[in-house]
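A.B. asks: Next up is a structure, given as structure tokens.
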Amino acid sequence: MPPAGELQQSSPSKDTQSDEASAVAAAAAIAAAAADAEAAGLWTQIKAEARRDAEAEPALASYLYSTILSHSSLERSISFHLGNKLCSSTLLSTLLYDLFLNTFTSDPSLRNATVADLRAARVRDPACISFSHCLLNYKGFLAIQAHRISHKLWTQTRKPLALALHSRISEVFAVDIHPAAKIGKGILLDHATGVVIGETAVIGNNVSILHHVTLGGTGKACGDRHPKIGDGCLIGAGATILGNVKIGAGAKVGAGSVVLIDIPPRATAVGNPARLVGGKEKPTIHDEECPGESMDHTSFISEWSDYII
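Going by UniProt numbering, the first residue of the sequence shown is number 1, and it counts up by one from there.
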């Protein structure tokens, strides 16, 4: 018996624990079913777009059939397409196809991220005329999907293969992302040429990054040495962010900026060296929660400068 004046604490019953586990499992099953339905709906739309394009441009009919129309799922299509894009005389397309498809099949979150990336490109880029156009032709999108595979291999301690794939991605797409870098979903690499993302970099969800952006280190330092980009950020063309600095959720980095210090959430940094709009002590906090989705690069300019061309 417990001492006088003390209440005996009862542990949760097995029935309660079982009910909680069942609720969690049911919620996970519902979420998985919703993700499957979204992917299936998007795949149906992609095939419809491919049929339309094949009818409108017969010269592309064979290409569209082999890359999209002959496949039963988004995972099979993108595995086939990436395999053909990244193959070489010693890395055969059939080997890469099997590798990609097995990885997609073993981890449904990869397919879900692909769906989010497709939607990001279609919604944020006015030049993106269709989902099928993005799937086939957007090298930033393709580089991210291939990186997801190399990252999965890296976490499985298959580092030599991950690095070989990383090398081919860099050669083919001109996008250099270390296999260890952690990248969320809903990512847009707009134009993508010259993007460099270092080994210990972390990028959140719904981030947009333009061409010639570097998320790098500051020298020969080892360990955790690359930037951490929060959810919803927008990184302008040619921006350079160096060191283990934090770019807060919803922050903006202007084109050509050089960032060496942390940026608060929903603040804007521009210039070389980068300065916070509104000043270091009281930086201006913009209303946008997710500039990575709005793609608004210039709303800060009235506060930054009265210079008129």
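A virtual CB, placed ideally from N, CA and C, is assigned to each residue, including glycine.
Just to confirm my understanding: we take I309, look at its own chain, exclude 5 residues before and 5 after, and list those with CB closer than 8 Å. What are they?
C.D. replies: Here residue 309 corresponds to residue number 309 of the sequence shown, with the count starting at 1. Because I309 carries a pLDDT of 44, less than 50, the predicted location of this residue cannot be relied on, and the following value inherits that uncertainty. Correct list: empty, nothing qualifies.
A.B. asks: Is K252 closer than 8 Å to L234 when the C-beta atoms are compared?
C.D. replies: Locating residue 234 in the sequence shown gives position 234, where the first residue counts as 1. Locating residue 252 in the sequence shown gives position 252, where the first residue counts as 1. Yes, the Cβ-Cβ distance between L234 and K252 is below 8 Å.
A.B. asks: Going by CA-CA distance only, name the one from H166, Y65 and D125 that's closest to D190.
C.D. replies: Here residue 190 refers to the residue found at position 190 of the sequence shown. Nearest C-alpha to D190: D125.
A.B. asks: Relative to the alpha-carbon of C222, which residue among V213, N137, A201 and S208 has its alpha-carbon at the smallest distance?
C.D. replies: Here residue 222 refers to the residue found at position 222 of the sequence shown. Ranking V213, N137, A201 and S208 by Cα distance to C222 puts A201 first.
A.B. asks: Return the CA-CA distance between A237 and R76, expressed in angstroms with no decimal places.
C.D. replies: For this step, residue 237 is matched to residue 237 along the sequence shown. For this step, residue 76 is matched to residue 76 along the sequence shown. If you take the alpha carbons of A237 and R76, they lie about 33 Å apart.
A.B. asks: From the DSSP output, read off the bridge partner residues of G216.
C.D. replies: One-based indexing of the sequence shown puts residue 216 at position 216. G216 is bridged to L242.
A.B. asks: Using a 10 Å radius around the Cβ and a threshold of 16 neighbouring Cβ atoms, would you call Q17 buried or exposed?
C.D. replies: Numbered from 1 along the sequence shown, position 17 holds the residue referred to as residue 17. With fewer than 16 other Cβ atoms within 10 Å, it is exposed.
A.B. asks: Is the beta carbon of G216 sitting closer than 8 Å to the one on L242?
C.D. replies: On the sequence shown, position 216 is the one that residue 216 refers to. On the sequence shown, position 242 is the one that residue 242 refers to. Yes.
A.B. asks: What's the gap between the Cα of T44 and the Cα of I144?
C.D. replies: Taking the sequence shown and counting its residues from 1, one reaches residue 44 at position 44. Taking the sequence shown and counting its residues from 1, one reaches residue 144 at position 144. If I take the Cα positions, the gap works out to 22 Å.
A.B. asks: Can you tell me the Cβ-Cβ gap for P291 and A267, rounded? I've got them flagged as a contact below 8 Å.
C.D. replies: Your numbering for residue 291 matches position 291 in the sequence shown. Your numbering for residue 267 matches position 267 in the sequence shown. Not confirmed; about 11 Å, so no contact.
A.B. asks: Return the first residue and the last residue of the alpha helix (DSSP H) that S130 is part of.
C.D. replies: Stepping through the sequence shown from its first residue, residue 130 is reached at position 130. Run containing S130: none; DSSP gives neither H nor E here.
A.B. asks: Are the beta-carbon atoms of S150 and I129 separated by less than 8 Å?
C.D. replies: Locating residue 150 in the sequence shown gives position 150, where the first residue counts as 1. Locating residue 129 in the sequence shown gives position 129, where the first residue counts as 1. The answer is no: Cβ separation not under 8 Å.
A.B. asks: What does the alpha-carbon distance come out to for the pair A121 and G230?
C.D. replies: The residue given as residue 121 occupies position 121 in the sequence shown. The residue given as residue 230 occupies position 230 in the sequence shown. When rounded, the distance between both Cα atoms is 19 Å.
A.B. asks: For A26, is the classification buried or exposed, using 16 other Cβ atoms within 10 angstroms of its Cβ as the cut-off for buried?
C.D. replies: Here the question's residue 26 lines up with position 26 in the sequence shown. Exposed, because fewer than 16 other Cβ atoms sit within 10 Å of the Cβ of A26.
A.B. asks: List the endpoints of the continuous alpha helix (DSSP H) containing I144.
C.D. replies: The residue you call residue 144 lines up with position 144 of the sequence shown. It spans K139 to T155 - the alpha helix (DSSP H) in which I144 sits, taken as one unbroken run.
A.B. asks: Any idea what DSSP makes of I30, helix, strand or coil?
C.D. replies: In the sequence shown, counting from the first residue as 1, residue 30 sits at position 30. DSSP places I30 in helix when its eight states are reduced to three.
A.B. asks: Here's the rule I'm using: 16 or more other beta-carbon atoms within 10 Å means buried, otherwise exposed. How should S208 be labelled?
C.D. replies: As a position in the sequence shown, residue 208 is number 208, starting the count at 1. Buried, because 16 or more other Cβ atoms sit within 10 Å of the Cβ of S208.
A.B. asks: Output needed for W154: all residues of its chain with C-beta closer than 7 Å, excluding positions within five of it in sequence on either side, in chain order.
C.D. replies: The residue labelled residue 154 in the question sits at position 154 within the sequence shown. Excluding positions up to five away in sequence, the list reads A162, P179 and A180.
A.B. asks: Would you decide whether Y307 is buried or exposed? Buried here means 16 or more other CB atoms lie within 10 Å of its CB.
C.D. replies: Within the sequence shown, numbered from 1, the residue matching residue 307 stands at position 307. Reliability of the predicted coordinates at Y307 is poor, the pLDDT of 48 falling under 50, and the value obtained from them is presented with this limitation in mind. Under this definition Y307 is an exposed residue.
A.B. asks: For S208, name the three-state secondary structure that DSSP assigns.
C.D. replies: If you number the sequence shown from 1, residue 208 lands on position 208. Strand.
A.B. asks: Count the other CB atoms within 10 Å of the CB of V123; is the residue buried (16 or more) or exposed (fewer)?
C.D. replies: For this step, residue 123 is matched to residue 123 along the sequence shown. V123 comes out exposed.
A.B. asks: Grab me the residues of P265's own chain with a C-beta within less than 7 Å of its C-beta, minus the 5 sequence neighbours each way, in chain order.
C.D. replies: By one-based count along the sequence shown, residue 265 stands at place 265. Cβ neighbours of P265 beyond the five flanking positions: G230, G248, A249, G250 and A251.
A.B. asks: State the beta-bridge partners of V115 as determined by DSSP.
C.D. replies: Reading the sequence shown from its first residue, position 115 is the one you call residue 115. DSSP lists no partner for V115.
A.B. asks: Looking at the structure shown, is T268 part of a helix, part of a strand, or coil, going by DSSP?
C.D. replies: Locating residue 268 in the sequence shown gives position 268, counting from the first residue. In this structure, T268 counts as strand in the three-state DSSP scheme.
A.B. asks: How long is the line joining the alpha carbons of L101 and S79, rounded to whole angstroms?
C.D. replies: In the sequence shown, counting from the first residue as 1, residue 101 sits at position 101. In the sequence shown, counting from the first residue as 1, residue 79 sits at position 79. Rounded to whole angstroms, L101 to S79 spans 6 Å at the Cα level.
A.B. asks: Look at the alpha carbon of A39 and the alpha carbon of A32, and state the distance between them as a whole number of angstroms.
C.D. replies: Your numbering for residue 39 matches position 39 in the sequence shown. Your numbering for residue 32 matches position 32 in the sequence shown. Computed Cα separation, rounded: 11 Å.
A.B. asks: So, at 7 Å on beta carbons, what are the nonlocal neighbours of N205 in its own chain, with the 5 sequence-adjacent residues on each side left out?
C.D. replies: Along the sequence shown, one-based indexing puts residue 205 at 205. Excluding positions up to five away in sequence, the list reads G184, K185, G186 and D231.
A.B. asks: With burial defined as no fewer than 16 other Cβ atoms inside 10 Å of the residue's Cβ, what is the status of S132: buried or exposed?
C.D. replies: What you label residue 132 is simply residue 132 of the sequence shown in a count that begins at 1. Buried, since its Cβ has 16 or more Cβ neighbours within 10 Å.
A.B. asks: What is the residue span of the beta strand (DSSP E) that L189 lies within?
C.D. replies: Position 189 of the sequence shown, counting from 1, holds the residue named residue 189. That run of the beta strand (DSSP E) goes L188 to D190.
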